[in-house]
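The working numbering runs 439 ahead of the 1-based position in the sequence shown.
Right, one structure below, let's go through it.
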Amino acid sequence: MDNLAHALVGAALGRAVAHGRVRQAALIGAVAANAPDWTEFLIGFRGRRIDYYSMHRGITHSLLGAAVEIVALTLVIGLGAMWWARRRGTPAPPPPPHEGGGEGGPQWRWLALCIGATVLSHLIMDWQGSYGLRPFLPWSGRWYYGDWVAIVDPFYWLVPLIALAWGARRHWQPALLYGAIAAFATFVLLSHLTEVAAWVSVAFAGMLLVAGIGWTRHWAGPVESRRASAVAVLLLCLYSAASGLVSHAAKATVERTAVARFGPGARWAALTVTGRPFSWEPIYASADSVAGDDWAVARHLGDPRVQSALQTTDGRAMGQFARFLVAEVDPGPAGTVVVLRDARYARRGRIGWAVVAIRMAGG
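As structure tokens, this is what we get:
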């Protein structure tokens, strides 16, 4: 999912897990929840489009990568907190006897739990969409797709945001921060209003109204901040679980249609639709073509020129990324161009997301 959702859910989860045990638990949760993404830049990710196909949601999003991130972040943040407390001469309050920890140091179990839960939340949230996840790298490059919740979902912004705001001090600084995030979310929603289901827009507006009333009437505060965050996380879990349950019926329908159209060897998927929760786009595939309800494209994967293109660096990247790979061969006087696409996102053209054009030597 998008990084704002990861940050807000991470902040709420961090506060729900470790508020009162770890200083700045919400901030730590927001940082840790985005760790699988920002650590990509530490292993060579440069933001090029081909990097997204080959590296994004790679080793940093695997179970092994998550374990390394949890240990590293726990050590860095814990040791940093100890150094800072000793430097300022203001040791942290002593932890309960069963928790361990020294003067000025963090409560290591709670810190590890906070970071572990929020890092793993990133993997779970990414898996539940249709982009996919490769959790068993480096041993297996297989992608897994939940097809439950879209990669951008406004409820994953607003539910944790309301809990975080209600649990904050009634002061202009947190009001400005949470108000700015709410304004940004509203701007994004309004910018894509025609693509958003009407009930989502109504629910979004209603939640903003409730958020404002709850803030002014002190429905929750710093004392109740942990409980408010826990309720928000629970609501999101129930929302995702409901999406998963409803998706089973949608997937069963798509599977039956795929088998009827292409036979028992057909591949299929029910892709999430951004802005329309509980809606899925069907896609069906055989060895020769990929299709939806009102479109179809040939795959051309058996063409020797396509096979040669798949052996190039860019071709391998697209080949391992694409869930429904299609190809187009365009011979010309300047040489043959092989266009590779992932039919989830692109079905025509030479440029754009999930499209790679490879010029083959020798015409």
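For every residue, glycine included, the Cβ atom is placed at its ideal position computed from N, Cα and C.
With a threshold of 16 other beta carbon atoms within 10 Å, Tyr583 falls short and is exposed.
Take the alpha-carbon of His657 and the one of Trp605: they are about 7 Å apart. DSSP, reduced to helix, strand and coil, places Tyr492 within a helical segment of the structure shown.
For the pair Val795 and Met757, the CB atoms are nearer than the 9 Å cut-off. Fully contained in the stretch 582 to 650 are the following alpha helix (DSSP H) runs of length 4 or more, in chain order: 594 to 605, 611 to 630.
When only Cα atoms are considered, Val778 and Arg744 end up about 11 Å apart. When DSSP states are grouped into helix, strand and coil, Ser501 belongs to the coil group. Nearest in C-alpha terms to Ser682, of all of Ala782, Gly517, Val588, is Val588. The residue from Asn473, His500, Arg485, Cys553 with its alpha-carbon nearest to that of Ala455 is Cys553. Residue pairing by DSSP places Leu764 opposite Asp781 in a beta bridge.
Looking at the DSSP output, Tyr723 bridges to Trp707, Ala730. Under the criterion of beta carbons closer than 8 Å, Val591 and Ala471 do not qualify as touching, at roughly 21 Å. With contact defined as three or more Cβ pairs closer than 8 Å, the stretch 637 to 647 and the stretch 560 to 571 are not in contact. Between His458 and Arg665, the gap from beta carbon to beta carbon is short of 9 Å. For Val672, the enclosing alpha helix (DSSP H) has its first and last residue at 664 to 701. Look at Ala464 here: in three-state DSSP terms it is helix. Met799: member of the beta strand (DSSP E) spanning 794 to 799, first to last residue. Beta-carbon to beta-carbon, Phe760 and Ile722 are separated by about 16 Å, too far to satisfy the 8 Å threshold. Ile797 counts as buried, since no fewer than 16 other beta carbons sit within 10 angstroms of its beta carbon. Assigned with DSSP and collapsed to three states, Val510 falls in helix. Taking C-beta atoms as the reference points, Leu600 and Leu503 fail to come closer than 9 Å. For Val765 against Ala782, the beta-carbon gap comes to about 5 Å, under 8 Å, which counts as contact.
In this structure, the alpha-carbon of Ala644 lies about 20 Å from that of Ala659. The stretch 725 to 742 and the stretch 684 to 704 touch, with no fewer than 3 CB-CB distances between them shorter than 8 Å. When C-alpha distances from His495 are compared across Met440, Arg789, Ile467, the shortest belongs to Met440. Taking every protein chain shown into account, the CB of His687 has fewer than 16 other CB atoms within 10 angstroms, so this residue is exposed. Leaving aside the five residues that flank Gly653 on each side, the residues in its chain whose CB is nearer than 6 Å to its CB run, in chain order, Trp605. Contact annotation: Leu443 and Ala624 have beta-carbon atoms nearer than 9 Å. Restricted to the stretch 546 to 574, the alpha helix (DSSP H) segments that are unbroken, complete and at least 4 residues in length are 547 to 566, listed in chain order. Ranked by how close their Cα comes to the Cα of Arg780, the residues Ala773, Phe484, Leu740 have Leu740 in first place.
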